[in-house]
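There are 2 protein chains.
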Amino acid sequence: MKGMNLNHFIEQIPLFAGLIDTQIQLLLAIVEKRKYQRGKVIFTEGETATGLYVLYTGRVKIYKLSSEGKEQILHIFGPGEPFGEVAVFTGVQFPAYAEALEGSEALFFPRKRFVELITRDPSMAMNMLAMLSKRLRYFTQLVENLSLKEVPQRLAAYLLVLDNSKDKENTVELDIAKGQLASLLGTIPETLSRILNKMSIQGYIEVEGRQIRLIDRKSLESISMGEKLLM
Amino acid sequence: MKGMNLNHFIEQIPLFAGLIDTQIQLLLAIVEKRKYQRGKVIFTEGETATGLYVLYTGRVKIYKLSSEGKEQILHIFGPGEPFGEVAVFTGVQFPAYAEALEGSEALFFPRKRFVELITRDPSMAMNMLAMLSKRLRYFTQLVENLSLKEVPQRLAAYLLVLDNSKDKENTVELDIAKGQLASLLGTIPETLSRILNKMSIQGYIEVEGRQIRLIDRKSLESISMGEKLLM
Numbered sequence: 007m008k009g010m011n012l013n014h015f016i017e018q019i020p021l022f023a024g025l026i027d028t029q030i031q032l033l034l035a036i037v038e039k040r041k042y043q044r045g046k047v048i049f050t051e052g053e054t055a056t057g058l059y060v061l062y063t064g065r066v067k068i069y070k071l072s073s074e075g076k077e078q079i080l081h082i083f084g085p086g087e088p089f090g091e092v093a094v095f096t097g098v099q100f101p102a103y104a105e106a107l108e109g110s111e112a113l114f115f116p117r118k119r120f121v122e123l124i125t126r127d128p129s130m131a132m133n134m135l136a137m138l139s140k141r142l143r144y145f146t147q148l149v150e151n152l153s154l155k156e157v158p159q160r161l162a163a164y165l166l167v168l169d170n171s172k173d174k175e176n177t178v179e180l181d182i183a184k185g186q187l188a189s190l191l192g193t194i195p196e197t198l199s200r201i202l203n204k205m206s207i208q209g210y211i212e213v214e215g216r217q218i219r220l221i222d223r224k225s226l227e228s229i230s231m232g233e234k235l236l237m
Numbered sequence: 007m008k009g010m011n012l013n014h015f016i017e018q019i020p021l022f023a024g025l026i027d028t029q030i031q032l033l034l035a036i037v038e039k040r041k042y043q044r045g046k047v048i049f050t051e052g053e054t055a056t057g058l059y060v061l062y063t064g065r066v067k068i069y070k071l072s073s074e075g076k077e078q079i080l081h082i083f084g085p086g087e088p089f090g091e092v093a094v095f096t097g098v099q100f101p102a103y104a105e106a107l108e109g110s111e112a113l114f115f116p117r118k119r120f121v122e123l124i125t126r127d128p129s130m131a132m133n134m135l136a137m138l139s140k141r142l143r144y145f146t147q148l149v150e151n152l153s154l155k156e157v158p159q160r161l162a163a164y165l166l167v168l169d170n171s172k173d174k175e176n177t178v179e180l181d182i183a184k185g186q187l188a189s190l191l192g193t194i195p196e197t198l199s200r201i202l203n204k205m206s207i208q209g210y211i212e213v214e215g216r217q218i219r220l221i222d223r224k225s226l227e228s229i230s231m232g233e234k235l236l237m
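These protein sequence lines are chains A and B, in that order.
So the first sequence is residues 7 to 237, counted in this note's numbering.
So the second sequence is residues 7 to 237, counted in this note's numbering.
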C-alpha cells in the first residue's frame, strides 16, 4: 500500500513526470526513504552532493551561514519539492545547508545509481530533459504574463532617465548588457526583447543595436507613469 | 573564424551552458547549419521531430492552423532561442508549425546523433539537467517575486467571494485542485503554498486540508483591495 503511494508520488515529481512506468520502477529500485527529526541537518555546505533529495513529508529549510555564523534562509521547501538537485546533477558540493524544520521524510536517489540508470537507458535522460524544457517554456510564458504590466513601465522610466542624463537628446545608448538590464527590470532577456519589439512596432522607439531613439516621448511618459498600457 | 563564433554561440545556449569544452566540441561535430528564406516553413505540425533547432539569426514564428485554416501564433523566437525542443526530447511529432519570418539561419542537432552522444557520455545529460534545473530555480524565484504583490490580493478576494457564497460563515472549502487554483491566480502551486503559509503565520487564516477558516476578515479585505501588502 505504501509502495503504491510512493510510486504515485514519484510520478508526480515534475522531473520524473515524463517517465514511462518501467522507468519509474527503476527509480523505485534505487530510492531510499530517509527520516529526519526536527532540527536535524540533512546536508552541509561544502559536502559532496552524493544524491538527489525530494521532500516526501514535512518541511526543510535551505540556508547559508555568514562568517559571523548568522543564518540566512534561502528557501523553505515542502512535500514534492526537490532540493540540492543542481549540485547533484553537476556532481559538485552542496552550496548551502539543509535542515528539517519539523519531523520530515525525504526520498534520496543516490547519484551513482542514477547515472547508471541514465547510461543504461538514455531515453530516461531525454524524458527528463523534455519535462524540464516543458516547465521552462511554461515558466517563460508565466514570467512574460506577469511582467507585461510593470516591466514596460519600468523600462520606459529607465529610458527617460537615461535620456535626461545625456547631451544628445532623444537617443540613449544602453550601457549595460541586455541580461543585466532584464534583471534590473525584474524580467528575463526574452521578455525584454519582446517589450522592446512592441515599443518599436507601436512607434514609441527605434532600436539600432545598443542605440535607442525615443520617438514618442509622450507615450513613453504615460507608460512610465502607469497611465498607459503597452499593447 | 566562423567556427569560433559558432563555438561561442553554442556555449551560450542555456541548455548547453553547463557543458565542458570537449562536450561542446562533440556538439559542434553533429550540428548542421540550415538557412531559410523569409516565409519558408521549417517544420509542420504532425511531422516527426528528428532534431533540435536553435535559432542562429533571424526570426521564426511558431503557429497552429485552425480547422478553417486560420493561423494562431504561439511564439515568435529570436537568435539563441531553441524551438520544438520538447517534442525532440520526447521523440514525438511537432505540435505546431515553424516558419521563418525573415531570412534566418538555425542550428539543427539531429536527435539520433544527440542520443548517441548522451549514451556515450551520460555526464553530458547530467550537465544539461543541471542547467535546466538551475534555470527553473531562477524562474521559480522570479515568478514568486513577480507574484508576491498581486497574487495575495487575488487570493484574498477569491477567499472572500467563496465565503460569501456559503452558509457556514468564515470557513471556505477549496473546491478546485491547488494546481488549478494557482493557475487561476496566475502563479504556480509552490508560490500559492507560500502565500497560504504567510497568511496563516500572520493569523489571517487557518488552513486544515481543503478547509480554510477566515480568522481576520478585515486584513483579508484590505489585502484584497490592495490597501495592505502581505509581508
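Using N, Cα and C, we set each Cβ at its ideal position, and we do this for glycine too.
No experiment lies behind these values; they were computed from the predicted model shown.
C-beta contact flag for residue i and residue j at 8 Å
i, j, result
"V37 (chain B)", "L113 (chain B)", "yes"
"I194 (chain A)", "T125 (chain A)", "no"
"Q78 (chain A)", "K67 (chain A)", "no"
"Q29 (chain B)", "M132 (chain B)", "no"
"V92 (chain B)", "K234 (chain A)", "no"
"L33 (chain A)", "I16 (chain A)", "yes"
"K46 (chain B)", "E105 (chain B)", "yes"
"I218 (chain B)", "L191 (chain B)", "no"
"P128 (chain A)", "V121 (chain B)", "yes"
Under the three-state DSSP convention, the category residue i falls into
i, result
"S72 (chain A)", "coil"
"T197 (chain B)", "helix"
"Q208 (chain B)", "coil"
"L107 (chain A)", "coil"
"G57 (chain B)", "strand"
"R40 (chain B)", "strand"
"E179 (chain B)", "strand"
"A93 (chain A)", "helix"
"L220 (chain A)", "strand"
"L113 (chain A)", "strand"
"I48 (chain A)", "strand"
"V213 (chain B)", "strand"
"K184 (chain A)", "helix"
"K140 (chain B)", "helix"
"K8 (chain B)", "Caution applies to K8 (chain B), whose pLDDT of 44 falls short of 50 and renders its modelled position unreliable; the value that the coordinates give is listed next. If DSSP states are grouped into helix, strand and coil, K8 (chain B) belongs with the helices."
"V121 (chain B)", "helix"
"I30 (chain B)", "helix"
"F83 (chain B)", "strand"
"I101 (chain A)", "The sequence shown places Pro at residue 101 (chain A), not Ile. Three-state DSSP puts P101 (chain A) in coil, outside helix and strand."
"E77 (chain A)", "strand"
Rounded Cβ spacing between residue i and residue j (contact assumed at less than 8 Å)
i, j, result
"L226 (chain B)", "L138 (chain A)", "That pair is no contact at about 36 Å."
"I82 (chain A)", "L123 (chain A)", "Their Cβ separation, rounded to whole angstroms, is 30 Å, which puts I82 (chain A) and L123 (chain A) out of contact at 8 Å."
"L220 (chain A)", "N170 (chain A)", "That belief does not hold up - the Cβ atoms of L220 (chain A) and N170 (chain A) are roughly 10 Å apart, past 8 Å."
"Q159 (chain B)", "S230 (chain B)", "6 Å"
"R44 (chain B)", "G109 (chain B)", "6 Å"
"L148 (chain B)", "V157 (chain A)", "The Cβ separation is near 11 Å, so there is no contact."
"G24 (chain B)", "T50 (chain A)", "Actually they are not in contact, since the Cβ atoms of G24 (chain B) and T50 (chain A) sit about 24 Å apart, beyond 8 Å."
"V178 (chain A)", "L165 (chain A)", "6 Å"
"L142 (chain B)", "L80 (chain A)", "About 15 Å separates the two Cβ atoms, so there is no contact after all."
"K204 (chain A)", "L236 (chain A)", "6 Å"
#### Entry: Stretch pair the region 153–160 of chain A + the region 194–212 of chain A: three plus CB contacts closer than 8 Å
yes
### Query
Which residues, in order along the region 69–97 of chain A, keep a beta-carbon less than 9 Å from a beta-carbon of chain B?
H81, I82, F83, G84, G86, E87, P88, E91, V92, A93, V94, F95, T96, G97
### Query
What are the residues of the region 190–215 of chain B that lie near chain A, defined by any Cβ-Cβ distance shorter than 9 Å?
G192, T193, I194, P195, E196, S199, R200, N203
#### Entry: the region 82–102 of chain B touching the region 49–69 of chain B, judged by at least three CB pairs closer than 8 Å
yes
### Message
Tell me whether the region 47–58 of chain A and the region 92–101 of chain A touch, counting them as touching only if at least three CB pairs, one residue from each stretch, are closer than 8 Å.
### Response
yes
### Query
Between the region 12–34 of chain B and chain A, which residues of the former have CB atoms less than 9 Å from a CB of the latter, in chain order?
P20, L21, G24
#### Entry: Contacting positions in the region 132–147 of chain A - beta carbon closer than 9 Å to chain B
M132, N133, M134, L135, A136, M137, L138, S139, K140, R141, L142, R143, Y144, F145, T146, Q147
### Message
Taking beta-carbon pairs under 8 Å, can you tell me which members of the region 118–131 of chain A lie near chain B?
### Response
V121, I124, T125, P128, S129, A131
### Message
Taking beta-carbon pairs under 7 Å, can you tell me which members of the region 153–169 of chain A lie near chain B?
### Response
S153
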